[in-house]
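Chains as they are written, first to last, in the numbering used here: chain P, 1 to 331; chain A, 1 to 331.
For reference, the structure discussed in these notes is given below.
Number of protein chains: 2
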Amino acid sequence: MEPGEFDWIRRIVSCLGSGGSEIGDDAAVLTGPDGETWVWTIDTLVENVHFRFDWLEPEAVGHRGLIASLSDLAAMGAEPIAALTALAAPADALAARVERLYAGLAATAQHAGCPVVGGDLSRAGEVQLTVTALGRCPGQVLTRDGAQPGDEVWVTGALGGPAAALALLLREGPTPEVLAHPAYDRLAHPSARVPEAQWLVDRARLGAAIDISDGLSGDAGHVARASGVGIMIETERVPHDAGARDVGRQLDADPIEWVLHGGEEFELLLTARAGSIGPLVNEFEATFGVSLTEIGTAIEGAGVRCIENEVVRPLEPESWDHFGTPSDLGS
Amino acid sequence: MEPGEFDWIRRIVSCLGSGGSEIGDDAAVLTGPDGETWVWTIDTLVENVHFRFDWLEPEAVGHRGLIASLSDLAAMGAEPIAALTALAAPADALAARVERLYAGLAATAQHAGCPVVGGDLSRAGEVQLTVTALGRCPGQVLTRDGAQPGDEVWVTGALGGPAAALALLLREGPTPEVLAHPAYDRLAHPSARVPEAQWLVDRARLGAAIDISDGLSGDAGHVARASGVGIMIETERVPHDAGARDVGRQLDADPIEWVLHGGEEFELLLTARAGSIGPLVNEFEATFGVSLTEIGTAIEGAGVRCIENEVVRPLEPESWDHFGTPSDLGS
């Protein structure tokens, strides 16, 4: 087996010493200027690994670059303060794409109330967009290690859209029909659940949180490991994106693989003390137009399992490990 | 003429709107509710543009990646708080180089008191290392726009070493003699002048500051433009790195081009109210083992000129513009 990204991250953390310990969450935690908790994240999108320009407009690449960082802030219970960008690109890519990429990023930044306060620009052989974002936590600082046995496991939104869109693009290419498909919209224009997380921090008794960037199976595994619990997911309760279901019919495929393992959903996976979210669901869904669904339970033990038709099986990640698996956009 | 990096940055700033205005300095400025000022910077090193692995050990690449950000903090009058990294690399480069790169970065981080609190790792076609660093300003926040006519212009250290080393590498390749040359050491193991800047903030009446990353001519131009002044540099007073002088003799070249235009020096260019630094020079040099030299004057007007043998001429940048000029490491 090839060493995967997470193996490498663990080895690098040991290289970096104790300061690297916070790498386990979506963002590092800092004590801000007035004692407020700030969180800080960084993410890179690489051309032909995380995106392809023949499949995504430059504006959508810029949007996704910022959303990846905003989603990390959301998963920590943070509101954005500001972002910086670093863009590396071949000189010949600049005229065609860079301004459109930044225009997409800037529009998303304005919409999210996250000013982009600076940046770095380099010549390079391939396009890489790095975004770093700072956020502040007005309330609970959410982490991966806060789940307890007995917690309910919840997810925002419906899953499988981005992975279904990739399957469709691989089969059909970027035809007008594919680019107009609702699943494609989930790939090209995802949201970061920043206000949704704040709303829940203010009202529910939350345990752990993570954004679904590696796929539900993989990210549930991160929470289980960090919290020292097992997680049991009721497969039939996991909400399927309507676009993913439609792609499944078109391609004669069961969308469950996309729903359980697809990456870069940017939905939130949360655990909460029993009974603390249920009474809030109607108001949450009315406020945000986003579903909030209980999909399982944290239990004593370790690992992630799923239960379907009373059969329990381990739910191993088949997620977007950029070094080990074929499920991302790269070759 | 190809559009250079700075043209693109100006266009992108206009794209990003008002939030991008602080891109003009080495770092963005954030103000906390209690008035403490934090600064925030980001820099990317790209393989075969900013460095070549046949010319630099992986540890030196990691070192330089962090130093570029620490030097930006120094130029703002800031002390480091923490850093995050984003590394993208081909899978086959990982085993050989990534751990050594991070080891070099971690050693420099420890030495500088700048913990690396997290990071991102991606598969990519080429190695790109992005470092973002946060710093706090206990005193004056230094910017490029603080120069006034009548200010003295000062520089830390001696210049030309990194560019001389590149000239030597281009001519000779990475022979044992080249790698042992003092000019090469300036290329591979530069310092960030963080404590030096703090010391001067505490004692002198500083105007503007910038780190010499684009070359003395280019960075003096940044200060002149931002401050709305002219800068007159006395060419003969600009300290020549001893290694650069030696390379000049070896290659039968005048090192002045390296001294005036060479990039990634990571020395500081400062302006100060007349007479406020002179009395401090001996103590500065004794404290840090680094020279501090008056090289010119800020004057009414615009642009950078140099004076030599009573002849004044414009000093145009021939600096490390990653998109326009041949003076960097790229093809």
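Backbone N, C-alpha and C define an ideal beta-carbon position, used for all residues, glycine too.
Bear in mind that the values here come from a model prediction, so they are computed numbers and not experimental data.
Asked                                                                                                                 : Found
Of the residues D219/P, W40/P, V304/P, Y184/P, the one placed nearest T85/A, counting alpha carbons only              : W40/P
Closer than 8 Å to chain A by CB, A88/P                                                                               : yes
Closest Cα partner of D92/P within the set A83/P, E126/P, A112/P, R313/P                                              : E126/P
C-beta neighbour in chain P for D54/A, strict 8 Å                                                                     : no
CB-CB length for T37/P against C137/P, believed under 8 Å                                                             : 4 Å
Where the beta strand (DSSP E) through R123/P begins and ends                                                         : 116 to 123
Run of the beta strand (DSSP E) containing W199/A, from where it starts to where it stops                             : Looking at the DSSP string, W199/A is not in any beta strand (DSSP E); the run it does join, the alpha helix (DSSP H), is 194 to 203.
Three CB pairs or more closer than 8 Å across the segment 106 to 121 of chain A and the segment 172 to 183 of chain A : no
Assigned secondary structure, D252/P (DSSP; H/G/I helix, E/B strand, else coil)                                       : coil
Against chain P: residues of the segment 115 to 138 of chain A by CB proximity under 8 Å                              : P115, V116, V117, G118, G119, D120, L121, S122, R123, A124, G125, E126, Q128, T130, T132, L134, R136
Residue environment, R144/A, which counts as buried when at least 16 other CB atoms sit within 10 Å                   : buried
Helix, strand or coil at V312/P according to DSSP, with G and I counted as helix                                      : strand
Within-8 Å CB hit, V194/A to chain P                                                                                  : no
Sub-8 Å separation of A104/A and V61/A beta-carbons                                                                   : According to the sequence displayed, residue 104/A carries Gly and not Ala. Cβ distance < 8 Å, so G104/A and V61/A count as in contact.
A298/A vs V153/A beta-carbon contact at 8 Å                                                                           : yes
Min CB distance T44/A to chain D below 8 Å                                                                            : Absent from the structure is chain D; the protein chains it does hold are P and A.
Neighbour flag for V49/P against chain A, beta carbons, 8 Å                                                           : yes
Between the CA atoms of T293/P and G303/P - distance to the nearest angstrom                                          : 21 Å
T287/P, buried or exposed, once every other Cβ within 10 Å from all chains shown has been counted against 16          : exposed
Nearest-angstrom Cα separation, counted from A220/P out to S276/P                                                     : 20 Å
8 Å Cβ cutoff, D34/P in contact with chain A                                                                          : yes
Cβ neighbour criterion (16 or more within 10 Å) applied to E196/A                                                     : buried
Backbone CA spacing between G135/A and R245/P [nearest angstrom]                                                      : 48 Å
Sequence-distant residues of the same chain with beta carbon closer than 7 Å to R186/P, five excluded per side        : G161, P162, A165, D241, G243
Same chain, Cβ closer than 6 Å to R193/A, neighbours up to 5 away in sequence not counted                             : A74, T156, L268
CB contact check: I210/P to chain A, cutoff 8 Å                                                                       : no
Whole-number beta carbon distance between P80/A and L70/A, since they are thought to touch under 8 Å                  : 6 Å
Identity of the residues DSSP links to F51/A by a beta bridge                                                         : E47/A
A28/A: contacting residues in chain P (beta-carbon distance under 8 Å)                                                : A82, L84, V117, G118
DSSP state of V229/P mapped onto helix, strand, coil                                                                  : coil
Simplified DSSP state of A82/A, which is helix, strand or coil                                                        : strand
Reference D72/A, options G301/A, P279/A, F266/A, closest by Cα                                                        : F266/A
CA nearest to the CA of V201/A, picked from D252/A, P279/A, V141/A                                                    : V141/A
Secondary structure of Q110/A, DSSP reduced to three states                                                           : helix
Chain-ordered chain A contacts of W154/P [CB-CB under 7 Å]                                                            : Result: empty, since nearest Cβ-Cβ is about 26 Å, beyond 7 Å.
Close-in-space but distant-in-sequence residues of the same chain around Q148/A (CB under 8 Å, 5 per side omitted)    : G207, S227, V229, T271, R273, A298
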